[in-house]
Every structure is written in structure tokens, then in C-alpha cells.
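*Asks:* Quick one: the structure is below, questions incoming.
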Amino acid sequence: MRAPRSTYRLQLHEGFSLHDAAALVPYLKDLGADWVYLSPLLTAERGSTHGYDVTDPSAVDPARGGPEGLQALSDAAHQAGMGVLVDIVPNHMGVATPSANRWWWSVLQEGRSSRYAEAFDIDWDAGAGRLRLPVLGENSDALDELRIEDGALHYYEQTFPIAEGTYSPGDTAREVHDRQHYELVSWRRADNELNYRRFFGVNTLAGVRVEVPWVFEETHAEVGRWFREGLVDGLRIDHPDGLADPAGYLGQLSELTGGAYVLVEKILEPGEKLPERWPVAGTTGYDALAEVDRLFVDPQAAGLLTDASDAEPYRHMIHDTKRAVADGLLHSEVQRLVRLLPEDSGLDAAVAADAIAELLACFPVYRSYLPDGAEYLEEAVLNARVRRPDLEPALDVLVPLLRGEGTGSGLDELPVRFQQTSGMVMAKGVEDTAFYRYSRLTSLNEVGADPSLFALEPHDLHLAMLVRQQEAPLAMTTLSTHDTKRSEDTRARISVLSEIPREWTEAVATLGELLPLGDRPLADLVWQALAGTWPLERERAHAYAEKAAREAGQSTTWTAPDEAFEKQLHALVDGAWDHPEANAVLSSVVEQITAAGWSNALGAKLVQLTMPGVPDVYQGTELWDHSLVDPDNRRPVDYPLRTAVAEAGQGQPGPVDDSGAAKFRVTREALRLRREQPELFSGYSALGSEGPAAEHVFGFDRGGALSLVTRLPLGLASAGGWRGTTVQLPQGNYTDRLSGKSHKGGSVEAEELFEHYPVALLVRQEAS
């Protein structure tokens, strides 16, 4: 299996196509990237900026460059000695525009008799034989807005097919609608009454039953062509947790690709591991991100920031947010599980729904993969019994069924669907709700991370690195993606607040007096976002604050916005610029933490780029990138600027300033070294340090390439600097790829190592 030494992720869309990516290959090669890593390529909804709403799996999207664009990109990459990694989406298809998706259109037109009815996860009986589409407005006479034009039903700009023989001249549109295989209903009915599986709570992304052999074959025929023709070298699999049988799917994919390099976008909770039977190289790296970030957080701040945030314990918060999702947004999935119970279960439907929702709220990881992960179901049961002893009789009935006991050689639909549902509830309840409510230190609120784990001591990170080297040396590592809540540099600066917890909490209190909001956790979250990104464009700040408030769902929501509260929220954001005292407070904090944030960012980047695993660089983050959650982190990248920085930075090291040249140098030198001399990255050993500031050094030897970084820089400065602290280097002569300085093995002064940068990348000369 050919595996990458590093990757560089590009987001493809109509404004940045495969042809644009092909033209960028010389820059990426110069940067040191080994493979080009592409967002989904298959035909998606018109205007899609992400590509996860595939409407036609049989063709490369013309808007993204079509097959000619893929050929051009593949040729350019391979001629440069680079590989190609592509993101694919097996779990769902885009159905926002039915006429754009011939599979979905066929199901709407022909109902159960459609060949494609089997491809979608539809409970026809629950809809009395009709597929419910939640597209109507709230008014009771919304169906009166239907009209018939060009042989189809229209509701404003949306178009739906008419089944053969169901329309005669003189029929009203409403009468015709009532004869169709689908039923148009209010969008508010989706959460309780939907009868098709969605991607999380997105009505326009319909779940696909890729476990059906012909569905796999037809949705992956184009993917197979990529490998037969040598266009693509590896795949990233989006959301495997949504699949009925991830292990079976990945086995089929391995056969299709000839055992190619495959990664899964799997969120692992702390201590969780991928099932050993999965034929994959590892995850896409959120677990690595969580480990690296916590190295740069001061553990001594945990108590003060916890008290100041006045938040309930995190484990109780996420139970409640997950329970709210199971009872609300995803209640239709819970109801479907209830319908799957045996008729002789003896359970009242409402009690069964209550017990299932409680188990989902107590589930400690995204999902199990029975028989793998059976212990997580048992853990959920124990927690449910403690929280809801009144449900014990119902749990006694449910649990054997959810374990799959007595079902023969395979699992029946109930335990399979429960596993698919638990991941949805975790994602919506934690990532998209709790992460916006728990504002103790928001750099910790990241996909794949547990914000209740405040910091990671160097010793523990070394242990994690050794495990990664032994168990997942080809898994991806990352710091930023198209889905991270905050970019790596934003998080790096916010983490500095842990070094000044008292000053920060006092600043937030002052800001709360100057610009009151009435929602302290949200205000704290917004002020941290501003501190982490300042200065930023005002419209970006407004967009983020509104999204964060609605995701948190405590003072306003997406479905019922509170206009008065949101007006106050936007006034707070404007006040960051327009209120002189508030602006002075925020600016003072930013001035205090910016340089330390640069230090953290360089340290995190060097660790991620050189640690065990395959490092990914998300588009544009080779320079400073202070982004927030999507769509903010998917803004266009200024590649002419990066090219100019590359050309200007060929000589002596530049300063660590707002130009980002220092980060570019760290990124390029680390990537080039990994690509040119992979033998230097074949092991892992911790480097020791001694002296009064020893806790501020973190270093490791990968087998000839040594990475050394500064941690907790404000604490280091306030204590008087390095003060004779030394680092013990293995014997040999070394050159720092960043500063050009030479060092001899043995005891070396930290002050000498970090003279130019707060990081060092040493290469043993006899190995170079």
C-alpha cells in the first residue's frame, strides 16, 4: 500500500475547481506536501461549496472541473511525484433539488415500486405508504400554494414529479398531490414524523443504504474507475458512523481499491480505539488535534476558569443536551426505533421512547460496532439506571434486544439502527450544542475533543505519541479542517488565556458591565472568539455570534429566533469596535496574548507536522489563519500572497510577527524534511530537560529529526526566562532547519535552541 508522508487539503467548488488545484501543484510541491487531499468531487447540488450533498455518484461534478479536471489534477500531481487523496460520501445523498437527483426523483414518482426505493432508508409504513417531505411553510393552507406546470407539481421554487395516471385535466394541484407517493408536510413536522433517515438533522441529505450490494456497486462505480485508471491513490471516508455496517463497507471498499490507503472520518472519544478489523490506516486526526492542543494549556487555571464560567459539570451538560436532541430534533429516529420493537415486548410506546432516548443520552461514545464496543452499551445502561431508576423495567426488556441477543448469526434492524442513531445524537448534542454552551476555555471545544479534559502534561503526551507510533503510524494528524469550530491559530491564542485566568475573568466581568447580554456563557464564548481572532472583519464577528447563539439554543434558536436578544447580541459585537472602554479592554487583552499565541501556534504546528502519523495542512494554514466555524473557515485562500511569502523566505529566518512568515517556514521545512528523508521519522523518543524552566520545553526525537517547542510562554517570561534550563540531545551534530544554527549533542541551553524561534527542528547531520 502506498501511503502519503503528508497531505494538503483543498476545498473544491465552482470558484476553485480541479483545474485550479492542478495549477497549484507546483506551489504545493515547493511547500513540501506529498499528496493533494481533495474535498468531495462527485456531482453535488448546484452551488454547493462543500460537495457533501452528492446528487449523482456516477460522475465528477462539472462545476468542480468534471472528469477532465480530475485527469488534469491527477496528471499534474503524479508528474510532480505527488499522490491524490479524495474525500467520498457513502452515507447520504443530496435531495434538496429532487430533479437534480434521478434516484430520488424516481422514488418520488414511483414510490415503493421504484428500483431506487431500496437505496434509501425509508419507513413507508410509518407514512401510510407515502414518503413525507418536510418542505411546506407553517400555515395550514400551504398546500393551496401548489401549482401544476410542465407536468410537475410546484411549490414556489421547488419541483416534484407526478406519478403516471394520477392527473387529469381539471384536477386541482392539491388533489393531484394527495395521489402521489410522497406527502408534502410542514418543515416543523420533520423532527417527530419524518420517515426517512437523514444525515443528522438535515432534511435535504437523505441516508443511503450502501449495505445493499447493488447500491454499493452503483454509488462506487466511478470511484472504482479512479483506481483502475490510476487517477487517485487513496480515500477519506466521510461519516462511517452513519452506515449500517461500517466494517462490511470498508471491506468492500478495500477490494474495490485494491487495498489502497483509506482513512475514516471517525470521532474517537478519549481512550477509544478504532475496531481492529477495519481495513483502514486510521482516522482523519481529530484525536491528534485534541492531544496537541492541550499541551499548550496551563493546568493551574482549571479551577479559576471553572468557577468563573459557572457552568454545570460537563458530563451532566452533555447528557442533557443529548437528551434534548433525542426528544426534539432526532425524535423521529427514536420513534422509528420504537416501531422496530417486537410486538410481544409488552412496552408502552411512550415508555419505550423515553428509555431509548435515555440510553442514547447516556451513550459514552459516538457508537458501537457490535460485537465491537459492546462495553459502551453496558456503560450506557448503567448510567441510565442511575439517572432514571423508574425506567429499569423497560431497560430490562430493551437491553437484550439492543445487544442483538437471540437474533442468530447477524444483527436485526433494531440494534443496527440504534448504533446508527447514537452517533447522530452525540454529534448534535455535543458538537452542535454543548460546545456552544460550555465556555470555560473554548480552545478545548473542538470536534473529537472532550472540553472537560483541561490540559495534558508533557509526560502524558509522550505516552500518547508512543502509542500512536506503535498502533497507528499511518493515521492522519491535523490541527484545522473544514469542520473545526476554530482554526488552529485561533485556538492557540485562546489557550494563552489559561496563563492569565484572573486577568481574563476580570476583563470579561468588565465587558459584561459595559455591554450586558443576559447570557453569561454565550457572552464569554463570544469574547473569547473575538480575542482569538482580533482584529477581524465586523461582518465575520456578527455571523459567528449569531450562529453560536442559535446553536447554543439557550437564549435564541434557529427555529424560533428571539429578535430582542439577537439585537442585544449584535449590539455587543458592535460594541467591540464602537464602545471606547470595551474596545480598550479587548485590545489590551489581545496585546497581552498575541505574541504568546504565535508561540503556541508555531509549537502546535511543529509537533503536529513531525509527530507519528501523516500530517495534513488545511488550505491556507501555512500562514496565520484566525478563522472561526464554517463558513468562516472556508473563505477563499490568497495563494498569490503565499507564493510571495515562499519566494521571500528562501534565505534567513524572519521574525515571528503578523506576516506569518515564521509559520510558513516551520510548515515548509517540516514538510520538506518528511518528504525528502522519511527515514528520520521512523521512531519516537522523548527528549529530557533540566532546570528551573524545564516544564516549558517539550521535545522528541523521531529517529534523527528532533522537534523542540516552547509551552506556556507567558509563564516562562514572567518567571524570568530559561535561566539556564537545558535540553538533553542525543549524541551527534545537528543543524536547525529553521534557524540554520548548529548544535552538538549532549546538554544544550534552551536559550540557545530558541534564540530565533520558540521552536526548533534539528536534523542529525550524519543522517542528512
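If you count the sequence shown from 1, position 667 lands on 667 in this note's numbering, and the numbers rise without skipping.
Every residue, glycine too, gets a C-beta built ideally from N, C-alpha and C.
1) Can residue 85 and residue 18 be called in contact, C-beta distance under 8 Å?
2) Answer yes if the region 150-168 comes into contact with the region 89-105, meaning at least three C-beta pairs across the two stretches below 8 Å, and no otherwise.
3) Note down, in chain order, each residue of its chain lying with its Cβ closer than 8 Å to the Cβ of residue 566, except the 5 sequence neighbours on either side.
4) Can you tell me the Cα-Cα spacing of residue 333 and residue 111, whole angstroms?
5) Please classify residue 409: is it buried, with 16 or more other beta-carbons within 10 angstroms of its beta-carbon, or exposed?
6) Measuring CB atoms only, is the region 568-575 touching the region 445-457, in the sense that at least three cross pairs come out at less than 8 Å?
7) Would you mind working out which of 24, 12, 385, 480 sits nearest residue 609, comparing C-alpha positions?
8) Given this structure, state the Cα-to-Cα distance separating residue 753 from residue 722, to the nearest angstrom.
9) Could you check what DSSP says for residue 317 in three-state terms: helix, strand or coil?
10) Under a three-way DSSP split, which group does residue 158 fall into?
11) Where DSSP assigns a beta bridge to residue 153, which residues make up the other side?
12) Grouping DSSP H, G and I as helix and E and B as strand, with all else coil, what is residue 534?
13) Can you tell which of 214, 254, 602, 443 has its C-alpha closest to the C-alpha of residue 759?
14) Use the C-beta contact count for residue 28: other C-beta atoms within 10 angstroms, 16 or more gives buried, fewer gives exposed.
15) Straight-line CA distance for residue 258 to residue 78?
16) So, for residue 105: in the same chain, excluding its five sequence neighbours on each side, which residues have a beta-carbon less than 8 Å away from its beta-carbon?
17) Okay, do the region 179-188 and the region 211-230 touch, 3+ Cβ pairs below 8 Å being the bar?
18) Is it the case that the region 317-329 contacts the region 504-518, given that we only count it when at least three CB pairs across the two stretches are under 8 Å?
19) Restricting to Cα atoms, I'd like to know which of 73, 286, 25, 640 is closest to residue 446.
20) Please list, in chain order, all residues of the same chain as residue 685 whose beta carbon is under 7 Å from its beta carbon, the five residues on each side excluded.
21) Going by Cα to Cα distance, which pick from 204, 157, 133 is closest to residue 177?
22) Smallest Cα separation from residue 220: which of 59, 351, 330, 138?
23) Cβ atoms of residue 737 and residue 31: under 8 Å apart, would you say?
24) Put residue 132 into one of helix, strand or coil per three-state DSSP.
25) Measure the C-alpha to C-alpha separation of residue 746 and residue 419 and round it to an integer number of angstroms.
26) What does DSSP give as the partner residue(s) for residue 743 in the beta ladder?
27) How about residue 443 and residue 301: are their beta carbons less than 8 Å apart?
28) Taking the straight line between their C-alpha atoms, what separation do you get for residue 477 and residue 489?
29) Would you kindly work out how many angstroms separate the C-alpha atoms of residue 763 and residue 706, rounded to a whole number?
30) Going by DSSP in three states, residue 105 sits in which element: helix, strand or coil?
31) Does the Cβ-Cβ distance between residue 637 and residue 619 come in under 8 Å?
32) Considering only DSSP beta bridges, list what residue 237 is partnered with.
33) Mapping DSSP to helix, strand and coil, what is residue 711?
34) Taking the straight line between their C-alpha atoms, what separation do you get for residue 305 and residue 486?
35) Classify residue 291 as buried or exposed, calling it buried when 16 or more other Cβ atoms lie within 10 Å of its own Cβ.
36) List the residues that DSSP assigns as beta-bridge partners of residue 418.
*Replies:* Inspection of the coordinates gives the following:
1) Start at 1 with the first residue of the sequence shown, and residue 85 comes out as number 85. Start at 1 with the first residue of the sequence shown, and residue 18 comes out as number 18. The answer is no: Cβ separation not under 8 Å.
2) yes
3) Along the sequence shown, one-based indexing puts residue 566 at 566. Within the same chain, residue 566 has close Cβ partners 546, 549, 556.
4) Looking up residue 333 in the sequence shown gives position 333. Looking up residue 111 in the sequence shown gives position 111. Spanning the two alpha carbons is a distance of roughly 21 Å.
5) Against the sequence shown, residue 409 aligns to sequence position 409. Low confidence applies here, because residue 409 scores a pLDDT of 48, under 50, leaving its location unreliable; read the following figure in that light. With fewer than 16 Cβ atoms within 10 Å of its Cβ, residue 409 is classed as exposed.
6) no
7) As a position in the sequence shown, residue 609 is number 609, starting the count at 1. Checking every option, the nearest Cα to that of residue 609 belongs to 480.
8) Walking along the sequence shown from the start, residue 753 turns up at place 753. Walking along the sequence shown from the start, residue 722 turns up at place 722. Looking at the two C-alpha atoms, the distance is approximately 11 Å.
9) Position 317 of the sequence shown holds residue 317. The answer is helix: DSSP assigns residue 317 an H, G or I state.
10) Within the sequence shown, the letter at position 158 stands for residue 158. Residue state, collapsed to three classes: strand.
11) By 1-based counting over the sequence shown, the position of residue 153 is 153. 148, 160.
12) Residue 534 sits at position 534 when you count from the first residue of the sequence shown. The answer is coil: DSSP assigns residue 534 none of H, G, I, E or B.
13) Residue 759 sits at position 759 when you count from the first residue of the sequence shown. Per the Cα distances, 602.
14) Reading the sequence shown from its first residue, position 28 is the one you call residue 28. Counting Cβ neighbours within 10 Å, residue 28 comes out buried, since at least 16 surround it.
15) Here residue 258 is taken as the residue at index 258 of the sequence shown, counted from 1. Here residue 78 is taken as the residue at index 78 of the sequence shown, counted from 1. Taking the straight line from one Cα to the other gives about 19 Å.
16) Here residue 105 corresponds to residue number 105 of the sequence shown, with the count starting at 1. Cβ neighbours of residue 105 beyond the five flanking positions: 98, 99, 161.
17) no
18) no
19) Reading the sequence shown from its first residue, position 446 is the one you call residue 446. It is 286 whose Cα lies nearest to the Cα of residue 446.
20) Translated into the one-based positions of the sequence shown, residue 685 becomes position 685. 700, 701.
21) Against the sequence shown, residue 177 aligns to sequence position 177. Of 204, 157, 133, the residue nearest in Cα terms is 133.
22) As a working mapping, residue 220 is identified with position 220 in the sequence shown. Comparing Cα-Cα distances from residue 220 to each of 59, 351, 330, 138, the minimum goes to 59.
23) Position 31 of the sequence shown holds residue 31. Position 737 of the sequence shown holds residue 737. Not a contact, by the Cβ cut-off of 8 Å.
24) Position 132 of the sequence shown, counted from the start, is the residue given in the question as residue 132. The answer is strand: DSSP assigns residue 132 an E or B state.
25) Counting from one through the sequence shown, the residue named residue 746 turns up at place 746. Counting from one through the sequence shown, the residue named residue 419 turns up at place 419. Distance between the alpha carbons of residue 746 and residue 419: 53 Å.
26) For this step, residue 743 is matched to residue 743 along the sequence shown. 734.
27) Counting from 1 along the sequence shown, the entry for residue 443 is found at position 443. Counting from 1 along the sequence shown, the entry for residue 301 is found at position 301. No, the pair does not count as a contact, with Cβ atoms beyond the cut-off.
28) Looking up residue 477 in the sequence shown gives position 477. Looking up residue 489 in the sequence shown gives position 489. Rounded to whole angstroms, residue 477 to residue 489 spans 16 Å at the Cα level.
29) Taking the first residue of the sequence shown as position 1, residue 763 is located at position 763. Taking the first residue of the sequence shown as position 1, residue 706 is located at position 706. C-alpha separation (whole angstroms): 6 Å.
30) Stepping through the sequence shown from its first residue, residue 105 is reached at position 105. Note: residue 105 maps to helix in three-state DSSP.
31) For this step, residue 637 is matched to residue 637 along the sequence shown. For this step, residue 619 is matched to residue 619 along the sequence shown. Against a cut-off of 8 Å, the Cβ pair of residue 619 and residue 637 comes out as a contact.
32) Working through the sequence shown from its first residue, we reach residue 237 at position 237. Note: residue 237 sits in a beta bridge opposite 88, 264.
33) Here residue 711 is taken as the residue at index 711 of the sequence shown, counted from 1. Residue 711 falls in the coil class under three-state DSSP.
34) The residue labelled residue 305 in the question sits at position 305 within the sequence shown. The residue labelled residue 486 in the question sits at position 486 within the sequence shown. If I take the Cα positions, the gap works out to 20 Å.
35) Start at 1 with the first residue of the sequence shown, and residue 291 comes out as number 291. Result: buried.
36) The residue you call residue 418 lines up with position 418 of the sequence shown. According to DSSP, residue 418 bridges with nothing at all.
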